[in-house]
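What follows is a short report on a single structure.
There are 2 protein chains.
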Amino acid sequence: MENRVIVLVSGGMDSLVTAAIAAQESSTLAFLHLNYGQRTEGRELQAFNLIADHYQVESDFRKVIDLTFLQQIGGSSLTDRQMEVTHYHGEDTQIPTSYVPFRNTHIIAMAVSWAEVIGVEKIYIGAVFEDSSGYPDCRPSYYQAMNQLIKEGTKEGKIAVVTPIISMSKQQIVKKAVELSAPLEHSWSCYTDSRQACGVCDSCALRLRGFQQAGVVDPICYQQRPKYD
Amino acid sequence: MENRVIVLVSGGMDSLVTAAIAAQESSTLAFLHLNYGQRTEGRELQAFNLIADHYQVESDFRKVIDLTFLQQIGGSSLTDRQMEVTHYHGEDTQIPTSYVPFRNTHIIAMAVSWAEVIGVEKIYIGAVFEDSSGYPDCRPSYYQAMNQLIKEGTKEGKIAVVTPIISMSKQQIVKKAVELSAPLEHSWSCYTDSRQACGVCDSCALRLRGFQQAGVVDPICYQQRPKYD
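In the order they appear, the protein sequences are chains A and B.
Note that the numbering used here gives residue 192 to position 192 of the first sequence, counting from 1, and the numbers run on in steps of one.
Heads up: take any position in the second sequence, counting from 1, add 229, and you land on the numbering used here.
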């Protein structure tokens with residue numbers, strides 16, 4: 001029996017490493033990418049396809065779904081172009097303006113619907129608790145609740161979401177990427193829409209600090225790289 | 230403090246009665262309607278607006294969101310126009326072909342995102358367990374799991390989904406509609422896209438049986454009405 005699994009691939013480093021882990025555990029992958037109207041969609045989609053090429057995902061199992069209806073809800077700088085992106089200012093426990101309310105639930109619901117149609121039982125998502133900038137839907141307890149919901153809300157109740165990197169730091173994620181020969185050069189983490197990553201948004205700052213702590217040079221290009229203490 | 234609540238209003242009888250109950254419990258309502266590419270969308274949207282007019286819902290708080298991405302997933306006769314609608318054949322415990330995998334999760338996730346943006350803490354949905362044709366996401370245990378997920382996945386964890394008619398039979402729902410003077414003539418339940426309800430699809434059959442058992446005449450017009458034992 002085919003043992004295909006779905007991987008949610010935004011195109012960022014966390015989803016890249018998650019794909020690399022899924023590729024170790026299953027010989028056939030399905031990649032799902034959600035376009036929810038974020039500023040960086042073009043660049044993320046390019047990363048998605050480069051990563052899918054690397055892991056030889058067949059075209060029938062690369063799915064890009066438009067969730068731009070989230071723009072009709074608003075409440076986030078990632079989807080609402082009127083709001084400014086929060087820059088990184090060291091230890092910040094506030095939920096940043098890039099928060100889309102309940103976003104991961106939309107994303108995972110989509111993966112579960114697709115899983116039920118194509119007969120997949122395992123969905124990989126690169127959620128990370130430690131560096132999650134306070135998003136409530138990156139907590140392990142959220143995923144426990146999600147798996148309970150899936151059990152209750154699907155025909156056979158066999159589908160499960162797995163979060164292989166949820167307990168890792170960005171440093172550990174970089175090391176895992178290197179260990180699994182994941183193509184880090186294809187990933188895109190920046191919250192701004194430019195040819196080169198900005199180096200100063202929350203997401204760039206977390207990524208760069210992870211590389212620095214891991215003692216690895218990030219292979220992508222930056223407009224500027226922040227200094228750390 | 231304003232005590233606005235959100236009601237998910239498909240335009241069917243169950244959502245109508247749920248709106249009537251919500252109107253008793255809160256003086257200000259917000260209505261959310263989801264277009265997920267069902268055959269009957271035009272007729273349902275008309276019902277939605279008639280019901281919203283009846284309950285004097287302001288235009289800023291009537292939201293219609295396009296979830297037609299569900300068509301990209303397939304797996305249901307309601308969204309996949311190649312599949313035939315299952316007709317009602319008495320006691321049928323099989324999940325009908327009108328099943329959209331995990332559909333209610335998409336719908337509720339949308340309501341929760343909106344609730345967080347507009348500061349609402351209560352979401353009413355007209356889910357019904359008894360006459361649910363085997364949809365797994367109409368079970369009370371599904372809603373318990375959903376409320377746990379919302380608690381874990383939102384900023385303050387204060388939003389809750391309520392299901393005031395989940396334990397009612399269709400007969401009780403008809404009686405409740407009459408008791409609350411809900412405008413039954415505005416509701417639309419049929420799964421086919423015609424000027425008059427077909428009278429033979431699962432949804433018409435369940436509705437008509439409810440009226441018959443309640444001893445009430447359904448005020449909408451039908452092409453035909455089935456005979457019951």
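Glycine included, every Cβ here is placed at the ideal spot set by N, Cα and C.
Note that this is a predicted model, so its numbers are computed, not measured.
- Cβ-Cβ separation between residue 448 (chain B) and residue 117 (chain A): approximately 38 Å, too far for a contact (criterion under 8 Å).
- Residues of chain B with a Cβ closer than 7 Å to the Cβ of residue 49 (chain A) do not exist, since the nearest Cβ in that chain sits about 17 Å away.
- Within its own chain, the residues whose Cβ lies closer than 7 Å to the Cβ of residue 20 (chain A), once the five positions on either side in sequence are excluded, are 177, 180, 182, listed in chain order.
- At least one C-beta of chain B is nearer than 8 Å to the C-beta of residue 154 (chain A).
- A residue is called buried once 16 or more other Cβ atoms fall within 10 Å of its Cβ, and residue 365 (chain B) is buried on that count.
- One Cα belongs to residue 215 (chain A), the other to residue 18 (chain A), and the distance between them is close to 21 Å.
- Residue pairing by DSSP puts residue 295 (chain B) in a beta bridge opposite B:264.
- Out of A:168, A:105, A:185, A:6, the CA that lies nearest to the CA of residue 36 (chain A) is found in A:105.
- Around the beta carbon of residue 432 (chain B), 16 or more other beta carbons sit within 10 angstroms, so the residue counts as buried.
- Counting of Cβ neighbours within 10 angstroms places residue 147 (chain A) among the buried residues, the total reaching 16 or more.
- A straight-line Cα-Cα distance of about 29 Å links residue 289 (chain B) and residue 402 (chain B).
- For a cut-off of 8 Å, the C-beta gap from residue 356 (chain B) to residue 395 (chain B) is around 5 Å, short enough to register as a contact.
- At a cut-off of 8 Å between beta carbons, residue 392 (chain B) makes no contact with chain A.
- With at least 16 other beta carbons inside 10 angstroms of its own, residue 44 (chain A) counts as buried.
- Distance from the CA of residue 189 (chain A) to the CA of residue 415 (chain B), rounded to the nearest whole angstrom, comes to 49 Å.
- Rounded to the nearest whole angstrom, the CA to CA distance from residue 287 (chain B) to residue 259 (chain B) is 8 Å.
- If you draw a straight line from the Cα of residue 385 (chain B) to the Cα of residue 169 (chain A), it comes to about 25 Å.
- In the same chain as residue 387 (chain B), and ignoring 5 residues on each side of it, the C-beta atoms closer than 7 Å to its own belong to 350, in chain order.
- Between residue 69 (chain A) and residue 294 (chain B), the CB-CB gap stays under 8 Å.
- Within chain A, the residues 152 have their CB atoms less than 7 Å from the CB of residue 368 (chain B), given in chain order.
- With a 10 Å radius around the Cβ and a threshold of 16 neighbouring Cβ atoms, residue 270 (chain B) comes out buried.
- By the rule that beta-carbons nearer than 8 Å mark a contact, residue 377 (chain B) touches chain A.
- Chain A has a Cβ within less than 8 Å of the Cβ of residue 345 (chain B).
- For residue 331 (chain B), the neighbours in chain A by C-beta distance under 8 Å run, in chain order, 109, 112, 113, 116, 150, 153, 154.
- Between residue 235 (chain B) and chain A, the shortest Cβ-Cβ separation is not below 8 Å.
- Put simply, the backbone Cα of residue 73 (chain A) is about 7 Å away from that of residue 342 (chain B).
- Residue 422 (chain B) counts as exposed, since fewer than 16 other C-beta atoms from the protein chains shown sit within 10 angstroms of its C-beta.
- Among the CB atoms of chain B, none fall inside 8 Å of the CB of residue 123 (chain A).
- Interface with chain A (8 Å Cβ-Cβ cutoff): residue 358 (chain B) is excluded.
- In the three-state reduction of the DSSP assignment, residue 155 (chain A) falls in the coil class.
- Within the segment 293-304 of chain B, the residues whose Cβ lies closer than 8 Å to some Cβ of chain A are 294, 295, 296, 298, 299, 301, 302, 303, 304, listed in chain order.
- In the three-state scheme derived from DSSP, where H, G and I count as helix and E and B as strand, residue 201 (chain A) is classed as strand.
- Going by DSSP, residue 117 (chain A) is part of the alpha helix (DSSP H) stretching over 103-118.
- Within its own chain, no residue has a Cβ closer than 7 Å to the Cβ of residue 141 (chain A) once the five positions on either side in sequence are excluded.
- At a Cβ-Cβ threshold of 8 Å, residue 235 (chain B) and residue 353 (chain B) count as neighbours.
- Nearest C-alpha to residue 291 (chain B) among B:237, B:254, B:358: B:237.
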